[in-house]
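Notes to accompany the following structure.
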Amino acid sequence: MITCEQLSALLGAYAARELSAADRARVDQHLDLCPACSAEAAGYFAVIRLAQTLPPADLPPDADRRLRTLLTEAASETDKANQDPNPTRSPDDTQPETPLP
14 MITCEQLSAL LGAYAARELS AADRARVDQH LDLCPACSAE AAGYFAVIRL AQTLPPADLP
74 PDADRRLRTL LTEAASETDK ANQDPNPTRS PDDTQPETPL P
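When you number the sequence shown by the working numbering, it's gap-free, plus one each residue, and the end is 114.
Next up, the structure:
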């Protein structure tokens, strides 16, 4: 059985229903036997229920533009990081040259 500390680390994923069936079963087993962790889990579910009642937040008018800019910059950085530092080499040039005798 998992410990209270292990359960605490899994509780967010458990409440969000992101655990595998095996991990969920382990958490359920612990919660059935541990009143303190059951109360903590109930708190997580209460927060989720409350958050679901909140109206969606309005985004700032320029959020779309800012997000597109950030995504474009991130893609550009990824492209630069993935560029071959030696574009003149062919895939067969991976072995060092051996000097002729």
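In this text, a Cβ means the ideal position worked out from N, Cα and C, and glycines have one as well.
Return the first residue and the last residue of the alpha helix (DSSP H) that residue i is part of.
i, result
"T82", "76-95"
"T66", "48-66"
"S21", "17-28"
Measure the C-alpha to C-alpha separation of residue i and residue j and round it to an integer number of angstroms.
i, j, result
"P74", "D45", "48 Å"
"A59", "Q96", "48 Å"
"E90", "T16", "42 Å"
"D71", "A87", "25 Å"
"Y57", "S33", "18 Å"
"C47", "E53", "10 Å"
"A76", "L84", "12 Å"
"D41", "P68", "31 Å"
"C50", "D92", "46 Å"
Return the chain-ordered list of same chain residues with a C-beta closer than 6 Å to the C-beta of residue i, the five sequence neighbours on each side being excluded.
i, result
"A55", "none"
"R30", "none"
Looking at C-alpha atoms only, which residue of the options is the closest neighbour of residue i?
i, options, result
"I61", "Y27, A22, P48, M14", "Y27"
"A38", "L23, L63, R78, P48", "L23"
Report yes or no: is there a C-beta of chain B within less than 7 Å of the C-beta of residue i?
i, result
"L44", "Given the protein chain composition of this structure (a single chain), no chain B is represented."
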